[in-house]
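Undergrad: Dropping a structure here in structure tokens format, bear with me for questions.
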Amino acid sequence: MRWNNLLQPDLILEGSVLNLTPGIIQQYGLKGLVLDVDETLVPIRVVSASAELRNWVQEIRQVATLYLVSNNLSEVRISNIAQSLDIPYYLGAAKPSRRKIRAALNAMSLPAEQVAMVGDRLFTDVLAGNRLGMFTILVEPIVHPDVALRSHPVRNFEVWVSEIMGASISPAKRRFTKLHK
0 MRWNNLLQPD LILEGSVLNL TPGIIQQYGL KGLVLDVDET LVPIRVVSAS AELRNWVQEI
60 RQVATLYLVS NNLSEVRISN IAQSLDIPYY LGAAKPSRRK IRAALNAMSL PAEQVAMVGD
120 RLFTDVLAGN RLGMFTILVE PIVHPDVALR SHPVRNFEVW VSEIMGASIS PAKRRFTKLH
180 K
């Protein structure tokens, strides 16, 4: 597989993960979601899930099996978030390594093609999901409200490099439509 294909998400969602609806999940024939944690579900350093996120999880789990896979090494923080959402988890995933995502797929008893890797980063979440043949969904990061105009230099760099390599990530293309690999 070429690099531009490995860095190309199947779906680029406008807004946060909270904009991912059961209808979108069903539209793409997905049965499960592997979710990144930091800035995909909660801002950095936040130790629990918001009421809005808990409600979203309750809605989504009616149509998909959920698993958290985080690069974060904080057992206390990630387990607290996972427990507040009642979702099993792996931490210290070292994405784009596939090992813990593959373990999550095995625990879900679903083939990779029926599971989406959902995250806010191209070089970790999207790359790892594409390496496994999963459907990949790129979302905008959730940031703490106190950090009003936070820049995302690493994410911006990832988008820039990905576009140079031929992936289509520009803001004008952030729509609910599937992009071809």
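Under numbering that gives the first Met the number 0, the residue at position 112 of the sequence shown is numbered 111, and the numbers go up by one with no gaps. Heads up, the beta-carbon is just placed ideally off N, CA and C, and yes, glycines get one too.
Decide if Asp124 is buried, meaning its Cβ has at least 16 other Cβ atoms within 10 Å, or exposed.
TA: Counted from its first residue, the sequence shown places residue 124 at position 125. With 16 or more Cβ atoms within 10 Å of its Cβ, Asp124 is classed as buried.
Undergrad: Helix, strand or coil for Val62 per DSSP?
TA: The residue given as residue 62 occupies position 63 in the sequence shown. Val62: coil per DSSP, three-state reduction.
Undergrad: Using a Cβ-Cβ cutoff of less than 6 Å, which residues in the same chain neighbour Asn129 once the five nearest sequence positions on both sides are dropped?
TA: For this step, residue 129 is matched to residue 130 along the sequence shown. Once the five neighbours on either side are set aside, the close Cβ partners of Asn129 are Leu5, Thr135.
Undergrad: Is Tyr66 near Pro95, with beta carbons less than 7 Å apart?
TA: Within the sequence shown, the letter at position 67 stands for residue 66. Within the sequence shown, the letter at position 96 stands for residue 95. No, they are not a contact pair.
Undergrad: When the Cα of Ser49 is compared with those of Ile11, Ala81, Ala127, which residue comes out closest?
TA: As a working mapping, residue 49 is identified with position 50 in the sequence shown. It is Ala81 whose Cα lies nearest to the Cα of Ser49.
Undergrad: What is the DSSP secondary structure of Thr135, reduced to helix, strand or coil?
TA: By one-based count along the sequence shown, residue 135 stands at place 136. Strand.
Undergrad: Can you look up Leu40 in the DSSP assignment and give me helix, strand or coil?
TA: Counting from one through the sequence shown, the residue named residue 40 turns up at place 41. DSSP places Leu40 in coil when its eight states are reduced to three.
Undergrad: Looking only at DSSP bridge pairs, what is Met116 linked to?
TA: Reading the sequence shown from its first residue, position 117 is the one you call residue 116. Partner(s): Val33, Thr135.
Undergrad: Taking DSSP as the reference, what is the three-state secondary structure of Val46?
TA: Translated into the one-based positions of the sequence shown, residue 46 becomes position 47. Note: Val46 maps to coil in three-state DSSP.
Undergrad: Look up Tyr27 in the DSSP assignment and give the residues it is bridged to.
TA: Position 28 of the sequence shown, counting from 1, holds the residue named residue 27. According to DSSP, which records beta bridges pairwise, Tyr27 is partnered with nothing at all.
Undergrad: Please classify Ser69 as buried or exposed, where buried requires at least 16 neighbouring CB atoms within 10 angstroms.
TA: Mapped onto the sequence shown, residue 69 falls at position 70. Buried, by the Cβ-count rule.
Undergrad: Run through DSSP, which three-state label would Ile11 get?
TA: One-based indexing of the sequence shown puts residue 11 at position 12. In this structure, Ile11 counts as strand in the three-state DSSP scheme.
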